[in-house]
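Asker: Before I ask anything, here is the structure I am working with.
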Amino acid sequence: MRKILLAVVVLTASLLAGDVWQSKDLVQPKDVAADIRSPLLLYVGFPVLFRAAHIPGSVYAGPGSKTEGIEMLKKAVEGQPKNRAIIVYCGCCPWEKCPNMRPAFTALREMGYTNLKAMAIPENLKTDWTDKGYPIERRAE
13 MRKILLAVVV LTASLLAGDV WQSKDLVQPK DVAADIRSPL LLYVGFPVLF
63 RAAHIPGSVY AGPGSKTEGI EMLKKAVEGQ PKNRAIIVYC GCCPWEKCPN
113 MRPAFTALRE MGYTNLKAMA IPENLKTDWT DKGYPIERRA E
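Numbering (the numbering used here), first residue to last: 13 to 153.
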């Protein structure tokens, strides 16, 4: 119960606090597309969207807006060096309204990850990634 309460407090605080990153913490889709193999790419959005389409090589790390998503995120980075290049992304909705990015980014920062970036997706993954011709992995129909 204590863990759940703490997670709720952290998530609420991070949503109310506004931006948890500085401009140096942001990376643009074109820059990620140029080098998608080096960093650990973590998708922190909703599972239905990840199953439909995601950046090749990215790891589903749970929705950052949910307590169970933060627990999945912790498992996804378990054993990774604290200086490992990590990029988190969602793309479920416009950047400023995304419920997943801030809590996920905050959790990773609080876990001590120092080489952490957030991919700034202004509209959504389809518009700002797929429609630009960047690599995408789709569910087999």
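C-beta atoms are modelled at their ideal positions from N, C-alpha and C, and glycine is treated no differently.
Please list, in chain order, all residues of the same chain as Pro-68 whose beta carbon is under 6 angstroms from its beta carbon, the five residues on each side excluded.
Answerer: If we look at Pro-68 and ignore the five residues flanking it on each side, its Cβ neighbours are Pro-147, Glu-149.
Asker: Are there 16 or more other CB atoms within 10 angstroms of the CB of Ser-35, so buried, or fewer, so exposed?
Answerer: Answer is exposed; the Cβ neighbour count stays below 16.
Asker: Can you look up Ala-64 in the DSSP assignment and give me helix, strand or coil?
Answerer: In this structure, Ala-64 counts as helix in the three-state DSSP scheme.
Asker: What are the boundary residues of the beta strand (DSSP E) that includes Lys-129?
Answerer: 128 to 131 is the extent of the beta strand (DSSP E) around Lys-129.
Asker: Assuming Tyr-125 contacts Leu-53 under a Cβ cut-off of 8 angstroms, what Cβ separation, rounded to an integer in Å, is found between them?
Answerer: At roughly 14 angstroms, the Cβ-Cβ gap does not stay under 8 angstroms, so Tyr-125 and Leu-53 are not in contact.
Asker: By a C-beta neighbour count over all protein chains shown, 10 Å radius and 16 as the cutoff for buried, is Asp-143 buried or exposed?
Answerer: The residue is exposed, with fewer than 16 neighbouring Cβ atoms inside 10 Å.
Asker: Could you tell me which of Pro-134, Cys-105, His-66 sits nearest to Leu-38, measuring between CA atoms?
Answerer: Closest by alpha carbon: Pro-134.
Asker: In chain order, what residues of the same chain have a beta carbon less than 7 angstroms from the beta carbon of Arg-49, not counting five sequence neighbours either side?
Answerer: For Arg-49, where only same-chain residues beyond five positions count, the Cβ hits under 7 angstroms are Gly-69.
Asker: Compute the Euclidean distance between the alpha carbons of Cys-110 and Ala-45, then round it to the nearest angstrom.
Answerer: Looking at the two C-alpha atoms, the distance is approximately 21 angstroms.
Asker: From the DSSP output, in three-state form, read off Glu-90 for me.
Answerer: Looking at Glu-90 - three-state DSSP - the assignment turns out to be coil, as it is neither helix nor strand.
Asker: Starting from Val-100, trace the alpha helix (DSSP H) in both directions and tell me its first and last residue.
Answerer: Premise fails: Val-100 lies in the beta strand (DSSP E), 98 to 101, not in any alpha helix (DSSP H).
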